[in-house]
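Take a look at the structure set out below.
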Amino acid sequence: MLNVVTRAGMEPALALVHGWTCDHRAMQPVANAFPAQKVVMPDLPGHGASVKTGDYAIPAQTEAVLAAMPERAIWVGHSMGAQIVVEAAARAPERVMAAVLLDPAAIQPMEAAFAGRDRMKIDLATTDDFPALMRRFSGGMMIAPTDAEAVRALADTQAAADPDVARAGWDAIWNWDGPAAFAALSVPTLVITVERTMNRLSDLSRLNRRIATAQVTGSGHMLQFEVMDQVAAMMRRFFDLNGLLSTR
């Protein structure tokens, strides 16, 4: 079973899914941006306070998250969490009212992304100081964060991640059949990327013409810690246009 943190509030709930080697606290800035809404934040398998499992492939993680989530919710995922949101929406669209993907990990990545994939895979396999590797990785994901204490907590969480879970999760990110799941999306979907992202918005739009797209400026991958004001404005507009919840 997964550790799940819930905040009471208005329905529909926001199901907030964190990324690789993080825990639910990585999605706290999103929760804070919608203070009136019910929020459900799981720790993914083997992350945070959730138990380890033998299967960290995206479909397996998705099944675990679906079992812990409300029957109907708006799902928001960051990085690997965005992959899980896509898989959930493709598998169980009746459970996912809408999907918001915050700088998703590999869906249809640009060719340039594969060098970083291979370099990190080697580093994960050969490092003799896993916490230091993860602290470097965490620091490299941001440009100018707005909450130093939250960023320190994030770095501590990633440095304390289980190395075996991290390696399996890294492989899962890159082995997932993102194009097929993304093309199958039928729920209202908003993709928000940063300027230096691994997925071109134009490529994602060709995969699925129904999606909405947006890009923030002045942020690294952990956009919720840097430009949540931009992200929240885009989300509110998307919610308004689709009649998903009152943001007034």
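All letters in the sequence shown, in the order written, are residues 1 to 248 by UniProt numbering. Every residue, glycine too, gets a C-beta built ideally from N, C-alpha and C.
Open item on the list: Alpha carbons only, please: which of Pro-188, Gly-178, Asn-242 and Pro-163 is nearest the one belonging to Lys-52?
Closed with: Counting from one through the sequence shown, the residue named residue 52 turns up at place 52. Considering only alpha carbons, the answer is Pro-163.
Open item on the list: Among Trp-75, Arg-117 and Met-120, whose alpha-carbon lies nearest the alpha-carbon of Glu-11?
Closed with: The sequence position of residue 11 within the sequence shown is 11, counting from 1. Here the closest residue by C-alpha is Trp-75.
TODO: Output the distance between the C-alpha atoms of Val-5 and Gln-28, rounded to the nearest integer angstrom.
DONE: As a first step, residue 5 must be located in the sequence shown, where it is residue number 5. As a first step, residue 28 must be located in the sequence shown, where it is residue number 28. Straight-line Cα distance between these residues: approximately 11 angstroms.
Task: Cβ neighbour criterion (16 or more within 10 Å) applied to Asn-199 - done: For the purposes of this step, residue 199 is identified with residue 199 of the sequence shown, where counting begins at 1. Per the 10 Å Cβ criterion, buried.
TODO: Please state whether DSSP places Thr-149 in a helix, a strand or coil.
DONE: Taking the sequence shown and counting its residues from 1, the one referred to as residue 149 is at position 149. Going by the sequence as given, residue 149 is Glu instead of Thr. The answer is helix: DSSP assigns Glu-149 an H, G or I state.
Task: Cβ neighbours of Pro-109 in the same chain (closer than 7 angstroms, five flanking residues each side left out) - done: Position 109 of the sequence shown, counted from the start, is the residue given in the question as residue 109. Excluding positions up to five away in sequence, the list reads Met-198 and Asn-199.
Open item on the list: Assuming contact is defined by CB atoms lying nearer than 7 angstroms, are Ala-88 and Val-96 in contact in what I supplied?
Closed with: For this step, residue 88 is matched to residue 88 along the sequence shown. For this step, residue 96 is matched to residue 96 along the sequence shown. Yes.
- [ ] Report yes if the CB atom of Ala-64 is closer than 7 angstroms to the CB atom of Leu-2, and no otherwise.
- [x] Residue 64 sits at position 64 when you count from the first residue of the sequence shown. Residue 2 sits at position 2 when you count from the first residue of the sequence shown. Contact flag set, yes.
Task: residue 251 burial status per 10 Å Cβ neighbour count (16 or more: buried) - done: With the chain covering 1 to 248 only, the question about residue 251 has no answer from this structure.
- [ ] Could you please give the first and the last residue of the uninterrupted alpha helix (DSSP H) stretch that includes Lys-121?
- [x] In the sequence shown, residue 121 corresponds to position 121, counting from 1. 113 to 126 is the span of the alpha helix (DSSP H), which, as asked, contains Lys-121.
Open item on the list: Between which residues of its own chain and Ser-50 is the CB-CB distance below 6 angstroms, once the five residues before and five after are set aside?
Closed with: The residue given as residue 50 occupies position 50 in the sequence shown. If we look at Ser-50 and ignore the five residues flanking it on each side, its Cβ neighbours are Leu-2, Asn-3 and Asp-43.
Open item on the list: If I follow the unbroken alpha helix (DSSP H) through residue 286, where does it start and stop?
Closed with: The structure shown does not extend to residue 286, since the chain is modelled only from 1 to 248, so the question has no answer here.
Task: Proximal residues to Gln-37 (C-beta, below 6 angstroms), its chain only, five neighbours per side dropped - done: Translated into the one-based positions of the sequence shown, residue 37 becomes position 37. Around Gln-37: Gly-9, Met-10 and Leu-14.
Open item on the list: On the criterion of 16 or more Cβ atoms from any shown chain inside 10 Å, does Thr-189 qualify as buried, or is it exposed?
Closed with: Here residue 189 is taken as the residue at index 189 of the sequence shown, counted from 1. Under this definition Thr-189 is a buried residue.
Task: Residue range of the alpha helix (DSSP H) that includes Leu-179 - done: Translated into the one-based positions of the sequence shown, residue 179 becomes position 179. It should be pointed out that residue 179 corresponds to Pro in this sequence rather than to Leu. Run containing Pro-179: 178 to 183, per the alpha helix (DSSP H) assignment.
- [ ] Buried or exposed for Ser-138, please, with buried defined as at least 16 other CB atoms from any protein chain shown within 10 angstroms of its CB.
- [x] Here residue 138 is taken as the residue at index 138 of the sequence shown, counted from 1. Buried is the call here.
Open item on the list: If distances are taken between C-alpha atoms only, which option among Asp-177, Ile-143, Phe-239 and Thr-157 comes closest to Ile-107?
Closed with: The residue given as residue 107 occupies position 107 in the sequence shown. Ranking the options by Cα distance to Ile-107, first place goes to Asp-177.
Task: Check whether Thr-213 and Val-191 have beta carbons under 7 angstroms apart - done: As a position in the sequence shown, residue 213 is number 213, starting the count at 1. As a position in the sequence shown, residue 191 is number 191, starting the count at 1. Closer than 7 angstroms, so yes.
Open item on the list: Between Leu-244, Thr-193, Asp-203 and Met-69, which has its C-alpha nearest His-78's C-alpha?
Closed with: Here residue 78 refers to the residue found at position 78 when the sequence shown is read from its first residue. Of the candidates Leu-244, Thr-193, Asp-203 and Met-69, the one whose C-alpha sits nearest the C-alpha of His-78 is Thr-193.
Task: According to DSSP, residues forming a beta bridge with Gln-215 - done: If you number the sequence shown from 1, residue 215 lands on position 215. In the DSSP output, where bridge partners are listed per residue, Gln-215 has Thr-193.
Open item on the list: Can you look up Glu-71 in the DSSP assignment and give me helix, strand or coil?
Closed with: In the sequence shown, counting from the first residue as 1, residue 71 sits at position 71. It is coil, neither helix nor strand.
Task: Limits of the alpha helix (DSSP H) - the one that Gln-230 falls within - done: Numbered from 1 along the sequence shown, position 230 holds the residue referred to as residue 230. Counting along the chain, the alpha helix (DSSP H) containing Gln-230 begins and ends at 228 to 241.
Open item on the list: Between the segment 143 to 159 and the segment 65 to 72, can you find at least three pairs of beta-carbon atoms closer than 8 angstroms?
Closed with: no
Open item on the list: On the CB-based measure, 16 or more other CB atoms within 10 Å of its CB, does Ile-122 come out buried or exposed?
Closed with: On the sequence shown, residue 122 is found 122 positions in, with the first residue counted as 1. Counting Cβ neighbours within 10 Å, Ile-122 comes out exposed, since fewer than 16 surround it.
Task: Spatial distance of Asp-60 from Val-30 (CA atoms) - done: Numbered from its first residue, the sequence shown carries residue 60 at position 60. Numbered from its first residue, the sequence shown carries residue 30 at position 30. Reading the sequence as shown, one finds Ala at residue 60 and not Asp. Each residue's Cα considered, the two are about 25 angstroms apart.
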